[in-house]
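So the protein lines, in turn, are chains A and B. Numbering-wise (the working numbering), the first sequence opens with residue 1 and increments by one. Numbering-wise (the working numbering), the second sequence opens with residue 116 and increments by one. Yeah, the Cβ is synthetic: ideal placement off N, Cα and C, and Gly gets one too. I have placed the structure first, in the form of structure tokens, so that the comments after it can refer back to it.
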Amino acid sequence: GAGVSQSPRYKVAKRGQDVALRCDPISGHVSLFWYQQALGQGPEFLTYFQNEAQLDKSGLPSDRFFAERPEGSVSTLKIQRTQQEDSAVYLCASSLGGTLNQPQHFGDGTRLSIL
Amino acid sequence: AQSVTQLGSHVSVSEGALVLLRCNYSSSVPPYLFWYVQYPNQGLQLLLKYTTGATLVKGINGFEAEFKKSETSFHLTKPSAHMSDAAEYFCAVSDRGGYQKVTFGTGTKLQVIP
Numbered sequence: 001g002a003g004v005s006q007s008p009r010y011k012v013a014k015r016g017q018d019v020a021l022r023c024d025p026i027s028g029h030v031s032l033f034w035y036q037q038a039l040g041q042g043p044e045f046l047t048y049f050q051n052e053a054q055l056d057k058s059g060l061p062s063d064r065f066f067a068e069r070p071e072g073s074v075s076t077l078k079i080q081r082t083q084q085e086d087s088a089v090y091l092c093a094s095s096l097g098g099t100l101n102q103p104q105h106f107g108d109g110t111r112l113s114i115l
Numbered sequence: 116a117q118s119v120t121q122l123g124s125h126v127s128v129s130e131g132a133l134v135l136l137r138c139n140y141s142s143s144v145p146p147y148l149f150w151y152v153q154y155p156n157q158g159l160q161l162l163l164k165y166t167t168g169a170t171l172v173k174g175i176n177g178f179e180a181e182f183k184k185s186e187t188s189f190h191l192t193k194p195s196a197h198m199s200d201a202a203e204y205f206c207a208v209s210d211r212g213g214y215q216k217v218t219f220g221t222g223t224k225l226q227v228i229p
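Here it is in structure tokens:
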């Protein structure tokens, strides 16, 4: 497809389990962003990649959160030892470059529920 | 730190009526400003953005917004609401320099009444 693809769309995990969320950006897009959207809130920035380089991870809430983009394309957001407060929609966005003249294209998100 | 405040978490309008969604920003220098729309169970779609130049910005689906520096506002309007406009709308702000790190508001859910 032509858009940003995220999988799985829904994920249910028990507290303490590890989860991995995948993002397939639009082909050729250099920039990739992860956001966390809690229920009833706006998205909050987690981390930013330019190609394979993670240039900003200031939004990751704890060291249980880890993101990678090893070949500069697909990205994975991993959450270790999940907690109930990790329940949220995780959004991925990509853009052609790093400037604001090129819009971010969002995926439909992964809804994570921690029981 | 930059931030945006959206006034009203829920707004209801009648079909055909004016849509007005309010957004005020906080920034030491004029930032870049955005409006996004989110339909249920979907990601965000950019409606419009203000970076420089004309302060009245036109976007998709008949929406527009006006940057008012004196009021630190960037309100979103549409002259006539359609049923298909029912969605959640997010105002967002970004620094002028660097990459596109965007800070979102808490959102306004728009209900359109037939």
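The shortest CA-to-CA distance from S73 of chain A to any of A:R111, A:Y10, A:C23 and A:V19 is the one to A:C23. Y35 of chain A is positioned such that its CB atom lies no closer than 8 Å to that of L21 of chain A. At a cut-off of 8 Å between C-beta atoms, G123 of chain B does not count as an interface residue with respect to chain A. Restricting attention to B:V126, B:S118, B:H125 and B:A202, the CA atom closest to the CA of P146 of chain B is found in B:S118. Taking C-beta atoms under 8 Å as the contact rule, L191 of chain B and I175 of chain B fail to qualify, at a distance of about 12 Å. With distances taken between CA atoms, G158 of chain B lies nearest to A:F33 out of A:F33, A:L96 and A:Q84. Between L55 of chain A and A67 of chain A the beta-carbon gap is near 12 Å, outside 8 Å, which marks them as no contact. F182 of chain B is outside the set of residues whose beta carbon lies under 8 Å from a beta carbon in chain A.
Close CB contacts of H125 of chain B within its chain, under the 6 Å cut and outside five residues either way in sequence, are with K224 (chain order). In terms of beta-carbon proximity, G107 of chain A lines the interface with chain B, with at least one pair separated by less than 8 Å. By the criterion of a C-beta distance shorter than 8 Å, V128 of chain B is surrounded in its chain by V134, A196, L225, Q226, V227 and I228, once the five residues flanking it on both sides are discounted. Note on the stretch 164-191 of chain B: whole beta strand (DSSP E) runs with a minimum of 3 residues are 171-173 and 179-183, in chain order. By the C-beta density criterion, V12 of chain A is exposed, having fewer than 16 other C-beta atoms within 10 angstroms.
Between the alpha carbons of Y154 of chain B and Y214 of chain B lies a gap of roughly 26 Å. Residue environment for V172 of chain B: buried (at least 16 other C-beta atoms within 10 angstroms of its C-beta).
Here DSSP, grouped into helix, strand and coil, assigns E203 of chain B to strand. Chain order gives the chain B residues near Y48 of chain A as Y214 and K216, where near means a beta carbon separation below 7 Å. The beta carbon of S73 of chain A sits no closer than 8 Å to any beta carbon of chain B.
Residue pairing by DSSP places R111 of chain A opposite A:Y10 and A:V89 in a beta bridge. About 15 Å separates the beta carbons of S94 of chain A and S7 of chain A, which is beyond the 8 Å limit, so they are not a contact pair.
Residue-level contact by beta carbon fails for G16 of chain A and chain B, as no gap is shorter than 8 Å.
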